[in-house]
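Single-structure report; data block below.
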Amino acid sequence: MNPSFSHIKMVAIDCDETLVRSDNTVSEYTVNVLHRLQQKGVHITIATGRMFQTAKPIGAALHLGNVPMILFSGGLIQELKTGHKLFEQTVPIDVVHRIFQLGQQYNWHIQAYVNDHLLCHHRNWQSDRYEHQTGAVAEFLGDAIYTLSSEPNKLIAIDTVAGIDRIIDILTPLVGNQVTLVRSQCDFLEITAQNVSKGRALARLAIDNHIDLENIISFGNAENDISMLSETGYSVAVSNATEHVKAVAHEVCGHHNEDGVAHWIEKNLL
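In the working numbering, the protein residues as written are 1418 to 1687.
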């Protein structure tokens, strides 16, 4: 235990490429460390871009109990066991239709998340990759996806790194003041409601639990983690994080495939 962190009351941990290994698993060592941390009375929340469908198995594997999970990069806070929603902010449907019009025009792959369903136009390498990485089960709507009637929690564009750069360049002047555009991976672009972020959701959760942000440590690897890494009292980036994320964090721990987060927690918090 590092005495410098004796004031810590909560940890917020990103999933993909931070806590979860490349094969979508968590090690027994990580499970044990987080269980010991929880036994000490430290609150744990998962803060991820994932939907409930794919975040729940990770939370269940960690045996965390009915903890709140920050999903869709801050667009939803939902309890792990009960599924009870504590907060939700969806993407306005008129903006969604505009983005899908552009997607159709430029042949982008854009997938939507509605009521815990992953919706795609058709199967392709992007949907296959996403299913493989997260364990999600996609539903393919064809052109019906362009006329969704329900507001989604989030949209994601998946492309090459250069392709995502082009999508950002096109979307920013057209809808950038109506939605939040942020990379969750170099080739994943998340599109959420305006002002949605992990940092804002974590701040809301902290208030609900009467915990000051100074008493929270956050862990992450990608651009969508910066909002919470920059707001919590201390922040740690995994060694596989982007250079921008490393520059924001207070410290860098080990690689996500080598249980870097768990090793840091055991050394400093237990």
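Beta carbons are placed, not taken as given, at the ideal position from N, Cα and C, and that holds for glycine.
Nearest to E1445 (by Cα), restricted to the options G1559, A1477, V1428: A1477
Nonlocal neighbours in the same chain, by C-beta distance under 7 Å from Q1611, ignoring five residues either side: Q1595, V1596, T1597
What is the C-beta distance between G1616 and S1647, in whole angstroms, given that I count them as a contact (C-beta under 8 Å)? 7 Å
With DSSP as the reference, please indicate the residues paired to E1648 in a beta bridge. The partner list for E1648 (beta bridge, DSSP) is empty, contrary to what the question assumes.
Distance between R1453 and L1687 (C-alpha atoms, nearest Å): 8 Å
Figure out for me which residue from H1424, G1466, L1481 has the closest Cα to the Cα of Q1550. G1466
Between which two residues does the beta strand (DSSP E) harbouring I1587 extend? Counting along the chain, I1587 falls outside any beta strand (DSSP E), though it belongs to the alpha helix (DSSP H) covering 1578-1592.
Do L1630 and A1639 have their C-beta atoms within less than 8 Å of each other? no
Reduced DSSP secondary structure (H/G/I, E/B, other) of K1571: strand
Bounding residues of the alpha helix (DSSP H) (the contiguous stretch that carries S1544): 1542-1551
What ranges does the beta strand (DSSP E) occupy inside the segment 1590-1647, keeping only unbroken runs of at least 3 residues that lie completely in it? 1596-1602, 1605-1610, 1633-1637
Write down every uninterrupted run of the beta strand (DSSP E) in the segment 1455-1507 whose length is 3 residues or greater and which is fully enclosed by it, in chain order. 1460-1464, 1485-1488, 1493-1496, 1502-1505
Give every residue of the same chain whose Cβ lies closer than 8 Å to the Cβ of N1541, excluding the five residues on either side of it in the sequence, and list them in chain order. H1526
Should I1547 be labelled buried (16 or more other beta-carbon atoms within 10 Å of its own) or exposed? It should be noted that the sequence gives Tyr, not Ile, for residue 1547. By the neighbour-count rule (16 or more Cβ atoms within 10 Å), Y1547 is buried.
Sort H1460, G1491, L1493 by Cα distance to L1481 and report the nearest one. H1460
Am I right that G1492 and Q1470 are in contact with their C-beta atoms under 8 Å? What's the rounded C-beta distance? With 8 Å as the limit, G1492 and Q1470 do not qualify as a contact, their Cβ atoms being about 15 Å apart.
Assuming the contact rule is C-beta atoms closer than 8 Å, I1425 and I1634 should be a hit. Round their C-beta distance to whole Å, please. 6 Å
Where does I1434 fall in DSSP's three states? The sequence as given places Glu at residue 1434; Ile does not occur at that position. The answer is coil: DSSP assigns E1434 none of H, G, I, E or B.
Close beta carbons around H1680, own chain, < 6 Å, minus the five adjacent residues each side: G1671
When the Cβ atoms of the segment 1655-1674 are set against those of the segment 1505-1523, are three or more pairs found closer than 8 Å? no
Inter-stretch contact at 8 Å, needing at least 3 Cβ pairs: the segment 1600-1611 / the segment 1558-1565: no
Can you tell me which of H1661, S1656, A1666, P1509 puts its alpha carbon nearest to the alpha carbon of G1650? A1666
Once you ignore the five residues that flank P1569 on each side, which residues in its own chain have a CB closer than 7 Å to its CB? T1507, V1508, V1513, A1529, Y1530, V1531
Counting only the same chain and skipping the five closest in sequence on each side, list residues whose C-beta sits under 6 Å from that of V1613. G1491, G1492, Q1506, T1597
With F1422 as the anchor, note down where its beta strand (DSSP E) starts and where it stops. Counting along the chain, F1422 falls outside any beta strand (DSSP E), and DSSP gives it neither H nor E.
Just confirm the distance between the C-beta atoms of M1468 and L1436, as a whole number of angstroms; I'd bet it's less than 8 Å. Actually they do not touch by this definition, with Cβ atoms about 16 Å apart.
Rounded distance between the beta-carbons of R1600 and N1641, thought under 8 Å: 7 Å
Excluding the 5 residues preceding and the 5 following H1539 in the sequence, name in chain order all residues of the same chain whose CB lies nearer than 8 Å to its CB. F1557, G1559
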